[in-house]
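Asker: Starting off with a structure, shown below.
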């Protein structure tokens, strides 16, 4: 009995300590869990000044109209870690409402606010300007423009945008392509007219044959 009690006590004591393999596994799990979370937008500093040509409320047509976007660094900011600038077209809050696939999330790895790339260019200290043709796959919605600064590991480290921090102003609209074109509408009209004439022709022909 005494030996059994001693063994039970030793087992209980050993259970309070983790083996080296267990500790290594826990550390590995912790590091994996930490790496899964992406960059948080709330942690980024707004170091870029971004402007764009559309006026507030202006309407652009996808596949037809262009806009000009410019960005420059706030002169008081250190830029030693800056490598690239990625400029993106982003949904305004009014076009995100009740649309989970456009939802804003603080974790940029799963954020759906900005989905349409405009340009990615190497970072320079001087002001940069780019003319962008609105792509045909951009859907009808209200937008603003955001630029992310990427470091040498291509992680977001700063940003700038055409709207204010609360995203309440300086939006513009884009009208997407519906899939219908003028030539398609004309062809459909001609086909409809031909179908009606064919029905009239066969109706008249059938009446004449019935009288014979």
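Numbering (our numbering), first residue to last: 504 to 715. Think of the CB as a built atom: it goes at the ideal place given N, C-alpha and C, for glycine as much as any other residue.
#1: Ordered along the chain, which non-local residues of its own chain (more than five positions away) have a Cβ less than 8 Å from that of residue 595?
#2: My assumption, with CB atoms under 8 Å, is that residue 542 sits in contact with residue 611. Please give the rounded CB distance.
#3: Below 8 Å, can you find three or more Cβ-Cβ pairs linking the stretch 597-613 to the stretch 573-585?
#4: Go ahead and label residue 664 buried or exposed: buried means 16 or more other beta carbons lie within 10 angstroms of its beta carbon, across all protein chains shown.
#5: Mind checking whether residue 585 and residue 641 have CB atoms under 8 Å apart?
#6: Whose C-alpha, out of 574, 592 and 559, is nearest the C-alpha of residue 637?
#7: To which residues does DSSP link residue 601 through a beta bridge?
#8: Comparing alpha-carbon positions, which option in 564, 572, 567 and 565 lies nearest residue 551?
#9: For residue 621, count neighbouring C-beta atoms within 10 Å of its own C-beta (all shown protein chains included) and say buried if the count is 16 or more, exposed if not.
#10: Is residue 549 buried or exposed, if buried means 16 or more other CB atoms sit within 10 Å of its CB?
#11: Apart from the five residues on each side of it in sequence, which residues of its chain come closer than 8 Å, Cβ to Cβ, to residue 654?
#12: Rounded to whole angstroms, how far is the Cβ of residue 668 from the Cβ of residue 553, which I believe are closer than 8 Å?
#13: Grab me the residues of residue 608's own chain with a C-beta within less than 6 Å of its C-beta, minus the 5 sequence neighbours each way, in chain order.
#14: Run through the stretch 550-629 for me and flag every whole beta strand (DSSP E) of 3 or more residues, listed as ranges in chain order.
#15: With DSSP run on the structure shown, which of helix, strand or coil describes residue 526?
#16: Could you spell out the range, first to last residue, of the beta strand (DSSP E) harbouring residue 639?
#17: Over what stretch of residues does the beta strand (DSSP E) that includes residue 661 continue unbroken?
#18: Using a threshold of 8 Å, state whether the C-beta atoms of residue 560 and residue 639 are closer than that.
#19: Report the option in 628, 600 and 570 whose CA atom is closest to the CA atom of residue 588.
Answerer: According to the structure data:
#1: Along the chain shown, read from residue 1 onward, the residue named residue 595 stands at position 92. Same-chain partners within the cutoff: 644, 645, 646, 647, 666, 670 and 674.
#2: On the chain shown, residue 542 is found 39 positions in, with the first residue counted as 1. On the chain shown, residue 611 is found 108 positions in, with the first residue counted as 1. The Cβ separation is near 5 Å, so the contact holds.
#3: no
#4: Within the chain shown, numbered from 1, the residue matching residue 664 stands at position 161. Under this definition residue 664 is a buried residue.
#5: Your numbering for residue 585 matches position 82 in the chain shown. Your numbering for residue 641 matches position 138 in the chain shown. For residue 585 and residue 641, no; Cβs fall outside 8 Å.
#6: Indexing the chain shown from 1 puts residue 637 at position 134. Here the closest residue by C-alpha is 592.
#7: As a working note, residue 601 is residue 98 in the chain shown. Its beta-bridge partners do not exist; DSSP assigns none.
#8: Numbered from 1 along the chain shown, position 48 holds the residue referred to as residue 551. Put simply, of 564, 572, 567 and 565 the residue whose alpha carbon is nearest the alpha carbon of residue 551 is 572.
#9: Residue numbering aside, residue 621 sits at position 118 when the chain shown is read from its first letter. Buried, since its Cβ has 16 or more Cβ neighbours within 10 Å.
#10: On the chain shown, position 46 is the one that residue 549 refers to. Per the 10 Å Cβ criterion, exposed.
#11: Counted from its first residue, the chain shown places residue 654 at position 151. Cβ neighbours of residue 654 beyond the five flanking positions: 584, 585, 586 and 660.
#12: Working through the chain shown from its first residue, we reach residue 668 at position 165. Working through the chain shown from its first residue, we reach residue 553 at position 50. Not confirmed; about 13 Å, so no contact.
#13: As a working note, residue 608 is residue 105 in the chain shown. If we look at residue 608 and ignore the five residues flanking it on each side, its Cβ neighbours are 614.
#14: 551-555, 562-564, 569-576, 587-594 and 617-625
#15: Position 23 of the chain shown holds residue 526. Unreliable positioning characterises residue 526 in this predicted model, as indicated by a pLDDT of 49, which lies under 50. A coordinate reading is not provided.
#16: To locate residue 639, count along the chain shown from 1; it is residue 136. From DSSP, residue 639 is part of no beta strand (DSSP E); its letter is neither H nor E.
#17: Residue 661 sits at position 158 when you count from the first residue of the chain shown. Run containing residue 661: 659-664, per the beta strand (DSSP E) assignment.
#18: Residue numbering aside, residue 560 sits at position 57 when the chain shown is read from its first letter. Residue numbering aside, residue 639 sits at position 136 when the chain shown is read from its first letter. Cβ atoms of residue 560 and residue 639: not closer than 8 Å.
#19: Along the chain shown, read from residue 1 onward, the residue named residue 588 stands at position 85. For the residues 628, 600 and 570, the minimum Cα distance to residue 588 belongs to 628.
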